[in-house]
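Numbering (this note's numbering), first residue to last: 11 to 336. A virtual CB, placed ideally from N, CA and C, is assigned to each residue, including glycine. Take a look at the structure set out below.
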């Protein structure tokens, strides 16, 4: 069948690329010609931003690094007031995240206990009415979690709005100078690739230089933390962190370039995908978004200009509301 406008891939979310690169195949899927120039964003690598030789080779296309991390550092050096305000904003967000984490622990414990109870009731001879009562309480517990997530995200966006209204970074001379250079570079590119690394750094640099519109117009390939930054909301996750049991946390609103998807890079190392209770809790909490495990050689294509449809690549697992993962 000849691809139509609504079924043609327009963006690719991929798993980690260092050990098993699939960038060239993604470029092919997005119909990028061999001579199509790709703008590369490696801001998440921070000081290692320009160590991109292997990445460029994996693309198998001409590429140019947008140097967003270095451009932001240059702008902050020339506008000390903006730098201080930005750092203060980040400190406020860090404090808010800690407060949210404390509250989240309790509502997640409640939801998890009820899901475990439901599994016990299912395995036993409990009457249907008893199981139904448990199911109703699970729904209520999950709604408590979702409400807290929404509340936290609203607080985060309040801090961001106050910062932008007071400081107007988009109007600062140092930022405008860098944006003008970026627009000129992007005009000569046919696609954008966003690498992983430090997700908050990626997001902040993309917002500082207002690259959202460009990322919506052009074909985009993003992987690991790069894919997270472009989703509707950034979800941090690790079921077994060094400091003890972990709960997935909403960090921030992403750019919304990849709608309806929760990217989960390195999922097999960070999530207990055989634990049906944890998988079900994760999938139901963030439904109707697709929670996709992005391991090596895994990925998902978004389809059409609005990127509303998706195609899961072979071997890629999606977390299901029944606790399975396939």
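1) Can you tell me where the alpha helix (DSSP H) holding residue 162 begins and where it ends?
2) Which value, in whole angstroms, describes the spacing of the CA atoms of residue 264 and residue 137?
3) In terms of residue numbering, what span does the beta strand (DSSP E) encompassing residue 301 cover?
4) Decide if residue 20 is buried, meaning its Cβ has at least 16 other Cβ atoms within 10 Å, or exposed.
5) Please state whether the Cβ-Cβ distance between residue 250 and residue 216 is less than 9 Å.
6) Excluding sequence positions up to five away, which residues of its chain have a Cβ less than 8 Å from the Cβ of residue 18?
7) Measuring CB atoms only, is the region 61 to 73 touching the region 208 to 226, in the sense that at least three cross pairs come out at less than 8 Å?
8) Excluding sequence positions up to five away, which residues of its chain have a Cβ less than 6 Å from the Cβ of residue 296?
9) Could you spell out where the beta strand (DSSP E) holding residue 259 opens and where it closes?
10) Whose C-beta lies closer than 8 Å to the C-beta of residue 29 among residues of the same chain, with five residues either side of it excluded?
11) Give me the residue from 233, 204, 234 and 80 with the minimum Cα distance to residue 221.
12) Compare the beta carbon distance of residue 195 and residue 49 with 9 Å and say whether it is the shorter of the two.
13) Looking at the strands, I want to know which residues DSSP matches up with residue 244.
14) Give every residue of the same chain whose Cβ lies closer than 7 Å to the Cβ of residue 91, excluding the five residues on either side of it in the sequence, and list them in chain order.
15) What is the DSSP secondary structure of residue 113, reduced to helix, strand or coil?
16) Under 9 Å between the Cβ atoms of residue 183 and residue 77?
17) Rounded to a whole number of angstroms, what is the C-alpha to C-alpha distance between residue 161 and residue 105?
18) Find the nearest neighbour of residue 82 within the set 262, 139 and 179, judged by alpha-carbon distance.
19) Identify which residue in 223, 174 and 308 has its Cα closest to the Cα of residue 321.
20) Give the secondary structure of residue 331 by DSSP, where H, G and I count as helix, E and B as strand, and everything else as coil.
21) Find the nearest neighbour of residue 26 within the set 257, 266 and 278, judged by alpha-carbon distance.
22) Which runs of the beta strand (DSSP E) at least 3 residues long sit entirely within the region 200 to 226? Give them in chain order.
23) Are the Cβ atoms of residue 124 and residue 302 separated by less than 9 Å?
24) Taking its Cβ as the centre, do 16 or more other Cβ atoms sit within 10 Å of residue 262, making it buried, or is it exposed?
25) Going by DSSP in three states, residue 321 sits in which element: helix, strand or coil?
26) Determine the contact status of residue 219 and residue 192, defining contact as a CB-CB distance below 9 Å.
27) Identify whether residue 65 lies in helix, strand or coil by the three-state DSSP scheme.
28) Spatial neighbours of residue 39 within its chain, please: CB distance less than 7 Å, with the 5 preceding and 5 following residues excluded, ordered by chain position.
29) For residue 185 and residue 280, what's the separation of their Cα atoms in angstroms?
30) Taking the CB atoms as reference points, tell me whether residue 240 and residue 267 lie closer together than 9 Å.
Result, derived from the coordinates:
1) It spans 138 to 177 - the alpha helix (DSSP H) in which residue 162 sits, taken as one unbroken run.
2) The C-alpha of residue 264 lies about 44 Å from the C-alpha of residue 137.
3) Residue 301 -> beta strand (DSSP E) spans 300 to 304.
4) Counting other Cβ atoms within 10 Å of its Cβ, residue 20 reaches 16 or more and is therefore classed as buried.
5) Inclusion of residue 250 and residue 216 in the CB contact set at 9 Å is not warranted, their separation being larger than that value.
6) Hits under 8 Å: 41, 313 and 314.
7) With a cut-off of 8 Å, the region 208 to 226 and the region 61 to 73 do not count as touching, because too few Cβ pairs lie within range.
8) Spatial neighbours of residue 296 in its own chain (CB-CB distance under 6 Å, excluding positions within 5 residues in sequence) are listed in chain order as 272.
9) For residue 259, the enclosing beta strand (DSSP E) starts and ends at 259 to 263.
10) If we look at residue 29 and ignore the five residues flanking it on each side, its Cβ neighbours are 306.
11) The shortest Cα separation from residue 221 among 233, 204, 234 and 80 belongs to 204.
12) Yes, Cβ-Cβ distance for residue 195 and residue 49 is below 9 Å.
13) As computed with DSSP, residue 244 is found in a beta bridge with 262.
14) Answer for residue 91: no residue qualifies.
15) Residue state, collapsed to three classes: helix.
16) No, these two residues do not count as a Cβ contact at 9 Å.
17) Cα to Cα, the separation comes out at about 15 Å.
18) That would be 179, whose Cα lies nearest to the Cα of residue 82.
19) Nearest option by C-alpha distance: 308.
20) Under the three-state reduction of DSSP output, residue 331 falls in the coil class, being neither helix nor strand.
21) Nearest of 257, 266 and 278 to residue 26, Cα basis: 278.
22) For the region 200 to 226, the full-length beta strand (DSSP E) segments reaching 3 residues or more read 201 to 204 along the chain.
23) No, the pair does not count as a contact, with Cβ atoms beyond the cut-off.
24) Burial call: buried.
25) Collapsing the DSSP output to three states places residue 321 in a strand.
26) Taking 9 Å as the cut-off, the Cβ atoms of residue 219 and residue 192 count as close.
27) DSSP places residue 65 in the helix class (H, G or I) of the three-state scheme.
28) Cβ contact annotation for residue 39 (same chain, cutoff 7 Å, sequence separation greater than five): 19, 22 and 311, in chain order.
29) When rounded, the separation of the alpha-carbon atoms in residue 185 and residue 280 is 37 Å.
30) Using a Cβ distance threshold of 9 Å, residue 240 and residue 267 count as a contacting pair.
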